[in-house]
Amino acid sequence: MIFQYHLALHKEPCVMSRLKKPVDYVNMLRLNPIREKRELGENLHRQYQRWTQSLRLKDLLGFIQTIQEGRDQIGAAQLFGKFRAYSLEEFVYRLIRARVSMPEPLGVYWGEKCLIWRGSGREYGMEVDVLVGKNSMGSFSLWSRSTLRWSSTPRD
């Protein structure tokens, strides 16, 4: 049986709320005037390219370890933490898109801000990290894993 949960939305179905992505943090370091930060950025760029292409957990973990080791050069703890968290989110998003077969009209969404409740003149929204569902006019449906099929090889 399919579990379906509808979220009422504004006029637009959902809007991308993720302002920064891991590649933005990488590029910020690559453009830094301080040589050590630029070198860290170049190293992270190579690793980012590797794990986004291979989708291997080992490659992602190496990338996150480099972020951990470079935390003093990256900056504030909150920035450093978001960098790691957004990297994991992107990995899951890319992995699902590449390896999970979904029936139409399901899609994978990353960092979507959706309205979850409206009433008494108030609206409450929530940012969803990674979501598999249907984005249609006026509703957003979340579907259970029973409707999805894992593939050991990437889809075309």
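Under our numbering, the first residue of the sequence shown is numbered 1055, with each subsequent residue one higher. All C-beta atoms, glycine included, are put in the ideal place defined by N, C-alpha and C. Here the structure is a predicted model, which means the values were calculated and not measured.
Less than 8 Å between the CB atoms is what I'm expecting for residue i and residue j, so what's the real figure, rounded?
i: LEU1211; j: LEU1085; result: No answer is possible for residue 1211: the residues shown for the chain start at 1055 and end at 1210.
i: ARG1138; j: ILE1121; result: 5 Å
i: GLN1101; j: GLY1124; result: Contact doesn't hold; Cβ gap of about 11 Å is too wide.
i: VAL1080; j: LEU1098; result: 5 Å
Check for me: the alpha helix (DSSP H) holding residue i runs from which residue to which?
i: PRO1076; result: 1076–1084
Let me know the secondary structure DSSP gives residue i once reduced to three states.
i: ILE1056; result: Note that ILE1056 scores a pLDDT of 31, beneath 50, so its modelled location is shaky and nothing firm can be said.
i: CYS1068; result: The predicted position of CYS1068 is uncertain, since its pLDDT is 40 and thus under 50; a value taken from the coordinates is nonetheless stated next. Correct three-state label for CYS1068: coil.
i: SER1198; result: Legend: pLDDT at SER1198 = 44, less than 50; position of this residue unreliable, value from coordinates given subsequently. The answer is coil: DSSP assigns SER1198 none of H, G, I, E or B.
i: GLU1090; result: helix
i: ARG1209; result: With a pLDDT of only 49 at ARG1209, under the threshold of 50, the placement of this residue in the model should not be trusted, and no figure is reported.
Cβ of residue i within 7 Å of Cβ of residue j?
i: LYS1074; j: GLN1127; result: no
i: ASP1183; j: GLU1143; result: yes
i: ARG1153; j: VAL1162; result: no
i: TYR1140; j: PRO1087; result: no
Which complete beta strand (DSSP E) runs does the region 1106–1192 hold, if anything under 3 residues is left out?
1161–1173 and 1176–1190
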